[in-house]
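So the structure is just underneath, and the comments pick up after that.
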Amino acid sequence: MQSSSRSAAIFGILIALGLGALGVLLKQAIVEYKLLDRSVTVKGLAENE
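The sequence shown runs 7 to 55 under our numbering.
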């Protein structure tokens, strides 16, 4: 019985670490996506011609 609970605890810790790593990677991906989404619109003389 003790071996089963130890295995479950290790499995739970690994799942928690995996979800934490997934969260960090998703955050980085969102930040990089937002940086690539920036654009500048310039209106000036070229538009008047």
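The beta-carbon is built from N, C-alpha and C at its ideal position, and this holds for glycine as well.
For residue i, the three-state DSSP class (helix, strand or coil)
i, result
"V37", "helix"
"S45", "coil"
"G50", "coil"
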